[in-house]
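Some notes on the structure that comes next.
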Amino acid sequence: MVNSADNEDIYSRPESPEAGSDQVGRSPDDRGLEDIPSVEVISRAALMLMSAAAERLGLSDDDPDNSPHRDLDEARRLITALAGLVTSSVQYLGMHAAPLRDGLKSLQQAFRESSAVPDAPGQGPGEKYTGPV
1 MVNSADNEDI
11 YSRPESPEAG
21 SDQVGRSPDD
31 RGLEDIPSVE
41 VISRAALMLM
51 SAAAERLGLS
61 DDDPDNSPHR
71 DLDEARRLIT
81 ALAGLVTSSV
91 QYLGMHAAPL
101 RDGLKSLQQA
111 FRESSAVPDA
121 PGQGPGEKYT
131 GPV
């Protein structure tokens, strides 16, 4: 039997580097949240929402219409959350804003194409934040 005290605590943060030490060799996963710029945190959150929405639209499968992961209700929620995040933080995203907006628009269009009964213009997922797609 393995003693849990012998295992590394997976939730512990690595020790903070000493003042003046070089952090270049640290991977993003080794950094504490206080070391990650806000634009990176926002971008990572947006990418996670995008990926999850694409999965729920079935876009990762060869036949999206028959994907076992397809769930349009979940996709709607994820796309709406993504739209809120992107539109509310666009002023902070700089050069990252355009690709995130493009990805959001692509997901909104894919949702519209996937729906048996498309939403009215302006009523689709996230369109209350982005306007009609």
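Okay, so the sequence shown: first residue is 1 according to the UniProt record's numbering, each after it adds one. All residues carry an ideal CB built from backbone N, CA and C; glycine is no exception.
Applying the 10 Å Cβ sphere with the 16-neighbour rule, what's the burial state of residue i?
i, result
"A120", "exposed"
"A75", "buried"
"M95", "exposed"
"S60", "exposed"
"I42", "buried"
"E40", "exposed"
"P125", "buried"
"R34", "For the record, residue 34 in the displayed sequence is Glu; it is not Arg. Under this definition E34 is an exposed residue."
"R56", "buried"
Thinking residue i and residue j are a contact (beta carbons under 8 Å), I'd like their distance in whole angstroms, please.
i, j, result
"L107", "A54", "7 Å"
"G58", "R70", "4 Å"
"L93", "L49", "In fact, because the Cβ distance is near 14 Å, the residues do not count as touching under 8 Å."
"A81", "V90", "15 Å between Cβ atoms; not a contact."
"V133", "Q109", "6 Å"
query: Below 8 Å, can you find three or more Cβ-Cβ pairs linking the region 106–115 to the region 49–64?
result: The region 106–115 vs the region 49–64: in contact.
Complete beta strand (DSSP E) runs within the region 59–98 (minimum length 3 residues, chain order): Listed in chain order, nothing qualifies, since the region 59–98 has no complete beta strand (DSSP E) run of 3 or more residues.
- prompt: Where in the UniProt region "Disordered" (112–133) do unbroken runs of the alpha helix (DSSP H), each at least 4 residues long, occur, reported from the N-terminal end onward?
  reply: Within the UniProt region "Disordered" (112–133), the runs of alpha helix (DSSP H) that reach at least 4 residues and sit entirely inside it are, in chain order, 127–130.
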